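Colleague: Residue 180 in the working numbering sits at position 85 of the sequence shown; the count goes up by one each step and never skips.
First the structure, then my questions, so here it is.
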Amino acid sequence: MATLLATKFNGTEPQNGLGSAYEWPLANVGGTTLSVDGVTIPKSFRFIDCDAYCNYDELRIWQSSDTNILDVLSYAAISYVWKGNHQPLPSMSFAVEGAEDGDRISLDVIRIACQFTLNKGAHYLWLDRVSIIQKIEHKADRNWQIMNMADVYRCCRICIVLPGGIGGFVDADEQTSWINRSWTLQEALLPVEAVCLIRWDLGSGWLQNSNEN
């Protein structure tokens, strides 16, 4: 797979504590491995810009070294399995340099997750695959991110669970390994709200809590 380097974003910075950003045009992302060489700030929180993804076809990542950013930013966090049930077509997905051992990331899955995030009133998405520098020589960034990961999930507006991974959605009755992960406990219990996104082919309807009258 070809490697696609990120370019620095030269537009207006949002007034929310986020600093610099880098991006890739979605039209060029499919079938590639993304590289962040030369654009990242070590030990920074990084978030996908959902508006840029859904409305401008840009995979834009904002980063901030402000340790208070989690308290003020409206964002969702994703919980998923590293190796899931479905493998997306290479042309409709991308890998991240340093994390090629995990599933490729489906462009459609990220788009739906971003749309859901926007519908919930949040604007950014935290996904460890792109929010943490994955290359082994950036171990200091990875260790810093792991130290702060509980706070990432505790402070998010909502946690989006992708039980079958980021390669595709699973059916409601499809078995996955998500519940068996050691990370699942904090990702499910620390957020104020957590929801599962699954494939649904049965038409419109509604869900009701069995305890409700």
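Glycine included, every Cβ here is placed at the ideal spot set by N, Cα and C.
Just so you know, these numbers come straight off a predicted model, no measurement behind them.
Going straight from the alpha carbon of SER115 to that of PHE104, what length do you get?
Modeller: 7 Å
Colleague: Can you tell which of ALA208, GLN182 and ASP203 has its C-alpha closest to the C-alpha of ALA172?
Modeller: ALA208
Colleague: With burial defined as no fewer than 16 other Cβ atoms inside 10 Å of the residue's Cβ, what is the status of SER174: buried or exposed?
Modeller: With 16 or more other Cβ atoms within 10 Å, it is buried.
Colleague: Just to confirm, is the Cβ distance from ASP198 to GLY179 under 8 Å?
Modeller: yes
Colleague: Where does the unbroken alpha helix (DSSP H) through ASP146 begin, and where does it stop?
Modeller: 145 to 151
Colleague: Can you check which of these residues, ASN163, GLY193, LEU213 and PRO183, is closest to ILE200 by C-alpha distance?
Modeller: PRO183
Colleague: Buried or exposed: which applies to GLU153, given that a residue is buried once 16 or more other Cβ atoms fall within 10 Å of its Cβ?
Modeller: Buried.
Colleague: According to the Cβ coordinates, are LEU285 and ALA245 closer than 8 Å?
Modeller: It is a contact, given that the beta carbons lie within the stated cut-off.
Colleague: In chain order, what residues of the same chain have a beta carbon less than 7 Å from the beta carbon of THR135, not counting five sequence neighbours either side?
Modeller: Hits under 7 Å: GLN158 and ILE228.
Colleague: Going by C-alpha to C-alpha distance, which of VAL176, THR127, THR102 and GLU118 sits closest to ARG276?
Modeller: VAL176
Colleague: Quick one: what's got a C-beta closer than 8 Å to ASP166's C-beta in the same chain, skipping five residues either side?
Modeller: CYS250
Colleague: Which residues mark the beginning and the end of the alpha helix (DSSP H) in which GLU282 is found?
Modeller: 279 to 284
Colleague: Ordered along the chain, which non-local residues of its own chain (more than five positions away) have a Cβ less than 6 Å from that of THR98?
Modeller: THR128 and SER130
Colleague: Which residue wins for smallest C-alpha separation from PRO109, given the options LYS138, ALA147 and SER299?
Modeller: ALA147
Colleague: What residues match up with SER299 in a beta bridge as DSSP calls it?
Modeller: BP columns for SER299 are empty, so no partner.
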